[in-house]
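What follows is a set of notes on a single structure, which appears directly below.
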């Protein structure tokens, strides 16, 4: 059921494909959507679009994972440790000083990044600058297209949210191999550094009953077209309600 | 499809209600074990097989199967790196209904979730454990919120504190958390807002925290924090009033740490107001309390030691002038404490802060050694930018010392050595001040090309400093490069429209270019800015005389007379005015007065002209012949012009005048 492609997200998928193929100058895509509109499913579709065309990293900021350390760590986990030598070296320098050689078997973990960022607000701002520089050096050095998908931006902590909307996106426009998608119930406010290079889409419910009917048929769920139309009208096409209704119908049918 | 079910959906008043009808309908249609797992899974922010087993111990053996089954639901999604979660929208609705319909079950599930997550070492799991514990047992929720909040705060784990507070707000917004626990959540949120410099939001949160606080300890912290915000907003009297109130509250509940923090804050306000004795006393009291708390080995130990260290530094800065040795000893004690609590930043930062304090006290030389030490230590902890900042200060102070020497040499008119020192300062750190000093020195040595070059360097470094353009224009004027001088003077007046010297310089230059109307305009600007300087009236009068605007000239000369009645230039202007009016006897008197005050060829030529006008040709010839030997080109040019004016008014003297031409 969950893997059913959602109907009528074609314009968003086409825009993403154009961005991926560099047929448009924009390299930042902001996807704003209220809860239950199918934002995460759309991001999964974006990820599939990248297959064979770009290296993808997905960072979901929901729940308690709100800090910058998590963001660095997650991106590194997704793209591979080997690419992040500068980030490892910068973290090591902060932790052990500039004159200590990095041991070959030293592994940079989330906790190390967290400890490296440890300090009062002034210290953190400085240390974050140092890690930011190293992180982008590493990203730019990767010799292929990169797509960084950030989900649930609205759950980012104050520091992480500010960094993503500020220094992070400002650096993205100076990283030619990088494409970024940020999705959430709210999205960063455009700033002068990147306002010429972004696209913004607001997701609404999928009000096309025909599309939902097709979805049900593909999943083998017998559903009267008239009922689908009624549900679509009642839920204003919101995927959360529609997919639950489909699931309930499937359960009734013993599927 | 069931009509009843569609009718219920149609009758629902909101999208939320409709979503709940369909979700409840689906959940109720599930087998008992799956339904039970669905409700349990909604309690934490994420779940996996082990979490399901912990939440529903009676279904532990089937947890693996149930976890797989749950993943097929449309409202279950992947939770990156940790398993799955119930979609936010559905979870929120389920929790609202469970809380309203079966609070006992809600609390029991939360208790099991808390026990599971609090066993983990991962800080994120501990926060999740605390989130669940907050509603599991409402009697414990205030202490959970305050103790965990302080722990994260004192360990500088602000992202995690933010996460804890936001989790608490989730309960608060759903009406599941109130009283002191809610007050602590608002309090910590306010601290985070203050750190982000959102003071209005912080104050609003503190008001809400105060309304919730029923214990004096929380009240004390809320009031003290309010004082901190007010202090930041420069409302120091209000801040002190809050601190006094906080002290009373902390003393009432025996919170020594709270009392110590408040005394330190009071000391900071007193120090800001230069009430040093009172500040020292407050700090001393704070130190005693911090030490007392720190010795108890409580988790607040870190906070107490940090407070103690910061107080020692504040106290030391107050003693930097009167007792430098004690100030250093206090700094060393503070450094030891910073090391103990692993605060890597504060060690070099506070050493650097001593440097800044000394700079403010004009003790640059002493400040230099602190900046130097701070630079080295910042380098050791990998904070290259801060290290560079401190090294820049060291170099700037060094340059400052060279510049002081250079200035002294300039004042002693030891120009060659002054130039060498200014050059050394430029090598150490190029600055507009050093280049300007070099320019002035070279100007004094009459090395004008080099001086102009030096001023140009200064202008490159500080293109918005009017005085630099004025200085360069001064040389251009002296060298009769009037067009260039006009450009620089004009730029100076654009940058500093209140610079009367620049306006006067512009007037002088325009006068040299015989653009008298513009010159008068420039002098008028200068007079508007400086109405008590006689030379400005005299300068304007000169141009008014050139344009034969005698009444206006008379007014300016009269004002100059009021301001400087004995000045030779004032009398010379009076002499020219009399010449212009044919009042030759009067002119003779004024020029003779000027010449008696200053041995200047122009005044003597003025006497000659006046006597000539009066018809005393022989005497005039003798005076003019004598003065002409000392006259420069400008004097001669001026004489010729006045002679021509005189002949125009008295044509009968034309023949005699030919014999006077210089």
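Residue numbers (the numbering used here), protein chains in the order written: chain A, 379 to 633; chain B, 534 to 1195. All residues carry an ideal CB built from backbone N, CA and C; glycine is no exception.
In this structure, how does DSSP classify residue i when only helix, strand and coil are distinguished?
| i | result |
| --- | --- |
| residue 916 of chain B | coil |
| residue 781 of chain B | helix |
| residue 786 of chain B | helix |
| residue 510 of chain A | helix |
| residue 538 of chain B | helix |
| residue 620 of chain A | helix |
| residue 1041 of chain B | helix |
| residue 719 of chain B | helix |
| residue 616 of chain B | strand |
| residue 578 of chain B | coil |
| residue 854 of chain B | coil |
| residue 409 of chain A | strand |
| residue 415 of chain A | coil |
| residue 542 of chain A | helix |
| residue 1196 of chain B | Here chain B covers residues 534 to 1195 and nothing more, so residue 1196 of chain B does not appear. |
| residue 524 of chain A | strand |
| residue 529 of chain A | strand |
| residue 1227 of chain B | The question about residue 1227 of chain B has no answer, for chain B in this structure spans 534 to 1195. |
| residue 401 of chain A | coil |
| residue 462 of chain A | coil |
| residue 1013 of chain B | coil |
Taking just the CA atoms, how far does residue j sit from residue i?
| i | j | result |
| --- | --- | --- |
| residue 486 of chain B | residue 1042 of chain B | Look at the range of chain B in this structure, 534 to 1195, and you will see that residue 486 of chain B is not part of it. |
| residue 800 of chain B | residue 821 of chain B | 14 Å |
| residue 806 of chain B | residue 916 of chain B | 33 Å |
| residue 536 of chain A | residue 668 of chain B | 25 Å |
| residue 679 of chain B | residue 766 of chain B | 26 Å |
| residue 986 of chain B | residue 999 of chain B | 17 Å |
| residue 502 of chain B | residue 598 of chain A | For residue 502 of chain B there is no data in the structure shown, the boundaries of chain B being 534 and 1195. |
| residue 634 of chain B | residue 674 of chain B | 22 Å |
| residue 825 of chain B | residue 789 of chain B | 8 Å |
| residue 797 of chain B | residue 838 of chain B | 13 Å |
| residue 628 of chain A | residue 592 of chain A | 15 Å |
| residue 626 of chain A | residue 573 of chain B | 20 Å |
| residue 897 of chain B | residue 936 of chain B | 13 Å |
| residue 1050 of chain B | residue 1040 of chain B | 10 Å |
| residue 426 of chain A | residue 609 of chain A | 29 Å |
| residue 546 of chain A | residue 510 of chain A | 8 Å |
| residue 816 of chain B | residue 802 of chain B | 11 Å |
| residue 780 of chain B | residue 759 of chain B | 13 Å |
| residue 539 of chain A | residue 531 of chain A | 7 Å |
| residue 1003 of chain B | residue 1190 of chain B | 41 Å |
| residue 517 of chain A | residue 746 of chain B | 49 Å |
| residue 534 of chain A | residue 578 of chain A | 19 Å |
| residue 681 of chain B | residue 700 of chain B | 13 Å |
| residue 1166 of chain B | residue 1009 of chain B | 18 Å |
Among the options, whose alpha-carbon lies nearest the alpha-carbon of residue i?
| i | options | result |
| --- | --- | --- |
| residue 580 of chain B | B:561, B:554, B:568 and B:610 | B:610 |
| residue 396 of chain A | A:505, A:431 and A:411 | A:431 |
| residue 1075 of chain B | B:1098, B:1102, B:1061 and B:1095 | B:1102 |
| residue 836 of chain B | B:1009, B:873, B:1085 and B:810 | B:873 |
| residue 926 of chain B | B:972, B:908 and B:1044 | B:908 |
| residue 879 of chain B | A:592, A:496 and A:568 | A:496 |
| residue 1134 of chain B | B:1156, B:1121 and B:1145 | B:1156 |
| residue 886 of chain B | B:847, B:895 and B:614 | B:847 |
| residue 870 of chain B | B:1111, B:840, B:856 and B:853 | B:840 |
Under DSSP, the beta strand (DSSP E) around residue i begins and ends at which residues?
| i | result |
| --- | --- |
| residue 580 of chain A | 576-580 |
| residue 561 of chain A | 556-562 |
Over the uninterrupted alpha helix (DSSP H) stretch that includes residue i, give me the two end residues.
| i | result |
| --- | --- |
| residue 791 of chain B | 789-805 |
| residue 1140 of chain B | 1134-1146 |
| residue 975 of chain B | 965-977 |
| residue 437 of chain A | No alpha helix (DSSP H) holds residue 437 of chain A; the beta strand (DSSP E) holding it covers 433-438. |
| residue 607 of chain A | 603-612 |
| residue 1152 of chain B | 1150-1161 |
| residue 760 of chain B | 749-765 |
Report the residue ranges of all alpha helix (DSSP H) runs contained in full by the region 667-727 of chain B; include only those spanning at least 4 residues, in chain order. 674-687 and 691-706
What are the complete alpha helix (DSSP H) segments, minimum 4 residues, inside the region 589-673 of chain B? 596-603, 621-634, 636-651 and 656-669
Whole runs of the alpha helix (DSSP H) within the region 845-894 of chain B, excluding any shorter than 4 residues: 857-873 and 879-893
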